[in-house]
Structure formats: C-alpha cells, structure tokens
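To start, the structure itself, in structure tokens.
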Amino acid sequence: MTKAIEIAHRDNRYVSAVQAFEPILNAIPPSPEMLWFAVTAARAYIALGDAEHFRPWLAMLRVSADLRGESRLALRRLLPLAWVLGVADTSQPLVEVIREWKIGAAEQPGLINALPLLNGMLLALGETVPAAAWEGVAVGKAGPALMPSAEIWFRFREKSEQLNASRGTNELPVSGFGGLVQPVSVAGLAAAGGGKAGVAAPIALAMTALGNASPGEMAPAVAFEVVKVLMAAGEIRTARQLAAETLLAAGF
Numbered sequence: 131m132t133k134a135i136e137i138a139h140r141d142n143r144y145v146s147a148v149q150a151f152e153p154i155l156n157a158i159p160p161s162p163e164m165l166w167f168a169v170t171a172a173r174a175y176i177a178l179g180d181a182e183h184f185r186p187w188l189a190m191l192r193v194s195a196d197l198r199g200e201s202r203l204a205l206r207r208l209l210p211l212a213w214v215l216g217v218a219d220t221s222q223p224l225v226e227v228i229r230e231w232k233i234g235a236a237e238q239p240g241l242i243n244a245l246p247l248l249n250g251m252l253l254a255l256g257e258t259v260p261a262a263a264w265e266g267v268a269v270g271k272a273g274p275a276l277m278p279s280a281e282i283w284f285r286f287r288e289k290s291e292q293l294n295a296s297r298g299t300n301e302l303p304v305s306g307f308g309g310l311v312q313p314v315s316v317a318g319l320a321a322a323g324g325g326k327a328g329v330a331a332p333i334a335l336a337m338t339a340l341g342n343a344s345p346g347e348m349a350p351a352v353a354f355e356v357v358k359v360l361m362a363a364g365e366i367r368t369a370r371q372l373a374a375e376t377l378l379a380a381g382f
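Given below as structure tokens:
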C-alpha cells in the first residue's frame, strides 16, 4: 500500500489513491510497531481531511521525536499541516512551528520555496502569520500556473467580495453546503446544494475557477481566493481540506 501511494503521488493521483485505501488505513491501529508507517498514514489522513484518524498518528510521532531523529524531522514537516487541518497544539506558537519546519525543509532541496504557499494558505484560513514567518523567502520570478478565464476570475472575485462584505451583518448567508464529499474536487463542489442567496454564486464560480486543475496545478492566487471564499461561506472543513491538498501537491 505504501508503494502504491508513493507511485500515485508521483503520477498526480495521490488523493484518489488514499481515498481508495481509506478502509484499509482505518483498520491499521497506531502502535510503536507501526511507527515506520506513521508519516504515510498522517499525510493520507490530511489529504482526506480526517482529523480524527490523523491525531493518533501525529501523537505517536510526537512521543518518539525525542528519541528518533527521523520522527523529529517528520514532526517538523507535519505540524504546519496540522495547523491547516485545524488540529494543531496551539500552545506552540505558529512562528515556532514555521521555524521548525524551515529546519526540516533545509534537508529537502527546493521545499523551502513552498513557504510562501504555506503562509498564504494559513492567511486564507484566517490565521495571523507573523512577519518572521516570511524570513528566508527569496523573491522569485513568476512561474507558469493555470488561471481561469478573465471573465470567470473577475466574476468570482466580485461575488467573493460581496460575500465577505456581508459577514458580520444580519444578511450573513447561512451555508447549506455541509454535504460536500471528500476529497475536495470539482465533482465534490458540484454536488453541493442549498444555501441562501449570496453563497451559491461564489461557490459555483469557485468550482468553475478550479476547472479541471488539480490543487497542485492551479495558481497560488486561485487557491488562496477559493479557500477564503469557502471560509466566508462557512465551509471551514472543505476550506481546510483544499488548503491541505494544495500543500501536499507542493511537496509537503
């Protein structure tokens, strides 16, 4: 199963693979004998948005981190994703989590370049990202990334701004999209229904903006704005899952 998941990740089929293996994953109890499998399991549950099954694997890594260097490295790389998923131990400040992640990322060439994406996803989820979290980020050139058509993008931005403006007022829409399937996908968003006026339009346009692109293919600005509008619409779990999928696709 581990090998199959690794191959699927290289072939950009990671989420589909862990979804297929989910029943088997759920049958594997976290135990010291399975410590070698902890990172694979934890990343899989992040992709599935399954905080309940993610926590015990993370806890096992945390316990072994003082004794095993590989567990300490794995923990450094997973803790930012725990923040994104909403299951982090917030007694450890976010700036410290990111600092520890940088230490681990230094051992994987190129991963440090994904730090702005991590910071962006945290901002989209409503976290306060300290200035120190941006230290060490080189200003790079714009790279190729998929963007929706200008018409879809500007209409989406207009509707999302209207939704954000309605927050905190008596006109705040009540979300009716609690039945989204996982993992996050265009099909999953298309299955969403209900909701009051003001929510449906930005969600539908978000679906169109994503198009057929995987989380790793879409431009960071698109991922940022879609996560923000999902949060504004009250779809917190879906927003967190999309942010986590985006980061996993970037190599986290």
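With the first letter of the sequence shown counted as 1, position 175 gets the number 305 in my numbering; the numbers rise by one all the way through.
Ideal placement from N, C-alpha and C gives every residue a C-beta, glycine not left out.
As the structure is a prediction and not an experimental result, all values here were calculated from the model.
- Residue range 350-362 is occupied by the alpha helix (DSSP H) that includes residue 354.
- Here residue 171 carries a helix assignment [DSSP, helix/strand/coil].
- Burial check for residue 199: the Cβ neighbour count within 10 Å stays below 16, so the residue is exposed.
- Cα atoms of residue 369 and residue 351: separation of roughly 14 angstroms, rounded to the nearest angstrom.
- The three-state secondary structure of residue 241, taken from DSSP, is helix.
- Selection 163, 203 and 214 evaluated against residue 184 yields 214 as nearest (Cα-Cα).
- Looking only at 135, 360 and 206, the smallest Cα-Cα distance to residue 189 is reached by 206.
- Distance from the CA of residue 151 to the CA of residue 172, rounded to the nearest whole angstrom, comes to 13 angstroms.
- Rounded to whole angstroms, the gap between the alpha carbons of residue 154 and residue 132 is 12 angstroms.
- The alpha-carbon separation between residue 225 and residue 378 amounts to approximately 20 angstroms.
- In the three-state reduction of the DSSP assignment, residue 222 falls in the coil class.
- If you look at residue 131, you'll find it isn't in any alpha helix (DSSP H); DSSP assigns it neither H nor E.
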